[in-house]
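Add 502 to the 1-based position in the sequence shown for this note's numbering, that's all there is to it.
Built from N, CA and C at the ideal position, the CB exists for glycine as well.
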Amino acid sequence: MLLVAGCSGVVADDDGDGGGSAGAEVELTLVTSAIDGTPNAAVQDAYLDLVEERSDGRISFERTEAYSLCNAQEIVDCVRDGRADIGVTIPDYTPQYFPSTSVVSIPFIGQNWQAIMQSLYDLHVDNADAKAMMDSNGLHHLSTWPVGRALIGSPTEVTEPSDLEGLSLRVSGPLGQQLFEDAGANIVALPANEAYEGVERGVVDGVAAGMDFPVNYKLMELLPHWTDPGIGEYSSFGMWLSADAYDGLPDDLKTIVDDAAAELSSGLGAEAFNGTAADQCPQMLEASTVENLGQWDESVTEQWRDETGDALLDAWVDLATDQGLDNAQGVLDDYLAGLDEYADAEVDDATLSCVEQFANR
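Structural data, given as structure tokens:
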């Protein structure tokens, strides 16, 4: 029987000469910053489970605990240098490697979770420049998905952009950061797992982040006011295999890996994400420390969007170009075309549902 040693991703046969063939077995080491119980961990696990199932166990994963082997900012380098085979983390932590996925951070354009995930998948399969960026960094792209609608968590109510003036906020995503900074907020860079301490110690006043932050990172204990400003999805999680691990797989296992990635992005990921996201809402509804969970008036969001215009689209092209992405405008055009193509994708929005439930308590 064909075996694979350790986390190198290099298949070795009975004679130990490598190369691999049908019947090979491989164990791949996972490093992740998706903590158990979050929607992002659910997407990750849906993929890992599917690959193990489809391969009849010929591919297995050593599932290390979040942050245990590599911290969030180090995960991509751990995959690139061979300490691990597959990584799951927020690309914004190492933006120099992922200019093509930072399109998620352009405010206002991404409101449909499934359309975003499918468009990002298509982009890294069909767009030569986006794919070349991954290849040049020694990564095989599996999936990128949005982390959930941005909520502003704050010590006092924030109902319009002018309320952001002077607030220090933890915000992820380069264009989201620019949007909030232009509104007068002071942006502080903090990894997700340091946000609670950052608020507790006064490093930041609040956050602009997904539902993970009040619930799984426990910020609802510290911040009583939560609101959706209407900018939509603002950041992403990504999942990648090292190119060496992928190239070391026999062709039949490569097919399983890639087919599972396609299935994840075409609906399985959304099902996993929203199933877990729906379970977060009761904790928000029951928390005595949460005074409100609301949504900005649509007219306020629309005015903010109109005042911003195309400036952030242009800023993304400049940013991605500076980070080494060829034909960034073409990449953006393909992404926007994907959002249009999949605009009618039906998907539950657990955050909006929770806002409605809070209002109807």
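Task: Alpha-carbon spacing of Asn-629 relative to Glu-773, whole angstroms - done: Sequence index remark: in the sequence shown, residue 629 carries index 127 (1-based). Sequence index remark: in the sequence shown, residue 773 carries index 271 (1-based). Straight-line Cα distance between these residues: approximately 26 Å.
TODO: Report whether the distance from the Cβ of Ser-855 to the nearest heavy atom of the ligand GDP is below 8 Å.
DONE: For the ligand GDP, the structure offers nothing, since it holds no ligand at all.
Open item on the list: Any contact between the segment 655–666 and the segment 578–590? By contact I mean 3 or more CB pairs, one from each, below 8 Å.
Closed with: no
Open item on the list: Tell me the DSSP secondary structure of Ala-710 in three-state form.
Closed with: Locating residue 710 in the sequence shown gives position 208, where the first residue counts as 1. Looking at Ala-710 - three-state DSSP - the assignment turns out to be strand.
TODO: Report yes if the C-beta distance between Gly-708 and Leu-725 is below 9 Å; otherwise report no.
DONE: If you number the sequence shown from 1, residue 708 lands on position 206. If you number the sequence shown from 1, residue 725 lands on position 223. In contact: Gly-708 and Leu-725 (Cβ atoms closer than 9 Å).
TODO: Leaving aside the five residues before and after Phe-563 along the sequence, list all residues of the same chain whose C-beta is less than 8 Å from its C-beta, in chain order.
DONE: The sequence position of residue 563 within the sequence shown is 61, counting from 1. Closer than 8 Å at the Cβ level, and outside the excluded window around Phe-563, lie Glu-529, Leu-530, Thr-531, Leu-532, Leu-550, Val-553, Glu-554, Ile-588.
Open item on the list: Quick check on the burial criterion: 16 or more other C-beta atoms within 10 angstroms. Buried or exposed for Asp-594?
Closed with: Your numbering for residue 594 matches position 92 in the sequence shown. Residue environment for Asp-594: buried (at least 16 other C-beta atoms within 10 angstroms of its C-beta).
TODO: Return the CA-CA distance between Asp-781 and Gly-539, expressed in angstroms with no decimal places.
DONE: Taking the sequence shown and counting its residues from 1, the one referred to as residue 781 is at position 279. Taking the sequence shown and counting its residues from 1, the one referred to as residue 539 is at position 37. When rounded, the distance between both Cα atoms is 9 Å.
TODO: Find the nearest neighbour of Leu-841 within the set Gln-680, Gln-620, Gly-750, judged by alpha-carbon distance.
DONE: As a working note, residue 841 is residue 339 in the sequence shown. Of the candidates Gln-680, Gln-620, Gly-750, the one whose C-alpha sits nearest the C-alpha of Leu-841 is Gln-620.
Open item on the list: Judging by CA-CA distance, which residue of Gly-650, Gly-700, Leu-677, Pro-731 is the nearest neighbour of Pro-663?
Closed with: Numbered from its first residue, the sequence shown carries residue 663 at position 161. Nearest C-alpha to Pro-663: Pro-731.
Open item on the list: Check for me: the alpha helix (DSSP H) holding Met-635 runs from which residue to which?
Closed with: Position 133 of the sequence shown, counting from 1, holds the residue named residue 635. Element bounds for Met-635: 630–638.
Task: Ser-670 vs Ala-685 beta-carbon contact at 9 Å - done: Along the sequence shown, read from residue 1 onward, the residue named residue 670 stands at position 168. Along the sequence shown, read from residue 1 onward, the residue named residue 685 stands at position 183. Going by C-beta atoms, Ser-670 is not nearer than 9 Å to Ala-685.
Open item on the list: Once the 5 residues before and after Ala-861 are set aside, which same chain residues still bring their CB inside 6 Å of it?
Closed with: Here residue 861 refers to the residue found at position 359 of the sequence shown. Counting only Cβ-Cβ distances below 6 Å, and skipping sequence neighbours, we find nothing.
Open item on the list: Suppose the cutoff is 8 Å on Cβ atoms and the five residues either side in sequence are ignored; what does the same chain contact list for Val-819 look like?
Closed with: Counting from one through the sequence shown, the residue named residue 819 turns up at place 317. Within the same chain, Ala-830, Gln-831, Leu-834 come within 8 Å of Val-819 by CB-CB distance, once the 5 residues on both sides are set aside.
TODO: Work out the CA separation of Val-660 and Lys-720 for me, nearest whole Å.
DONE: By 1-based counting over the sequence shown, the position of residue 720 is 218. By 1-based counting over the sequence shown, the position of residue 660 is 158. Lys-720 and Val-660: Cα-Cα distance of roughly 20 Å.
TODO: Express the C-alpha separation of Val-590 and Thr-566 in angstroms, rounding to a whole number.
DONE: Mapped onto the sequence shown, residue 566 falls at position 64. Mapped onto the sequence shown, residue 590 falls at position 88. Roughly 11 Å between the two C-alpha positions.
- [ ] Determine the burial state of Glu-735: buried for a count of at least 16 other Cβ atoms within 10 Å of its Cβ, exposed for fewer.
- [x] As a first step, residue 735 must be located in the sequence shown, where it is residue number 233. With 16 or more other Cβ atoms within 10 Å, it is buried.
Task: Endpoints, the alpha helix (DSSP H) within which Ile-577 is located - done: Residue numbering aside, residue 577 sits at position 75 when the sequence shown is read from its first letter. Its alpha helix (DSSP H) spans residues 577–582.
Task: Integer-rounded CB distance, given that Asn-776 should sit under 8 Å from Val-849 - done: Here residue 849 is taken as the residue at index 347 of the sequence shown, counted from 1. Here residue 776 is taken as the residue at index 274 of the sequence shown, counted from 1. Sure, about 7 Å apart at Cβ, within 8 Å.
Task: Residue from Ser-801, Gly-668, Met-722, Trp-806 with nearest C-alpha to Ala-789 - done: The sequence position of residue 789 within the sequence shown is 287, counting from 1. Put simply, of Ser-801, Gly-668, Met-722, Trp-806 the residue whose alpha carbon is nearest the alpha carbon of Ala-789 is Met-722.
Task: Nearest neighbour of Ala-556, chosen from Asp-799, Glu-804, Leu-766, Ala-779 [CA to CA] - done: Translated into positions along the sequence shown, residue 556 becomes position 54. Contrary to the premise, residue 556 reads as Arg rather than Ala in this sequence. Comparing Cα positions, the closest option is Leu-766.
Task: Beta-carbon gap between His-642 and Met-636 smaller than 9 Å - done: Within the sequence shown, numbered from 1, the residue matching residue 642 stands at position 140. Within the sequence shown, numbered from 1, the residue matching residue 636 stands at position 134. Result yes, Cβ atoms of His-642 and Met-636 sit closer than 9 Å.
TODO: Can you tell me which of the three DSSP states Asn-688 falls into?
DONE: For the purposes of this step, residue 688 is identified with residue 186 of the sequence shown, where counting begins at 1. Here Asn-688 sits in strand by DSSP.
Task: Option nearest Gly-704 by Cα separation, candidates Met-786, Arg-672, Gly-559 - done: Numbered from its first residue, the sequence shown carries residue 704 at position 202. Distances from the alpha-carbon of Gly-704 to those of Met-786, Arg-672, Gly-559 put Arg-672 closest.
Open item on the list: Between the segment 604–612 and the segment 804–822, can you find at least three pairs of beta-carbon atoms closer than 8 Å?
Closed with: yes
- [ ] Determine the DSSP secondary structure at Arg-863, reduced to helix, strand or coil.
- [x] Numbered from 1 along the sequence shown, position 361 holds the residue referred to as residue 863. Here DSSP, grouped into helix, strand and coil, assigns Arg-863 to coil.
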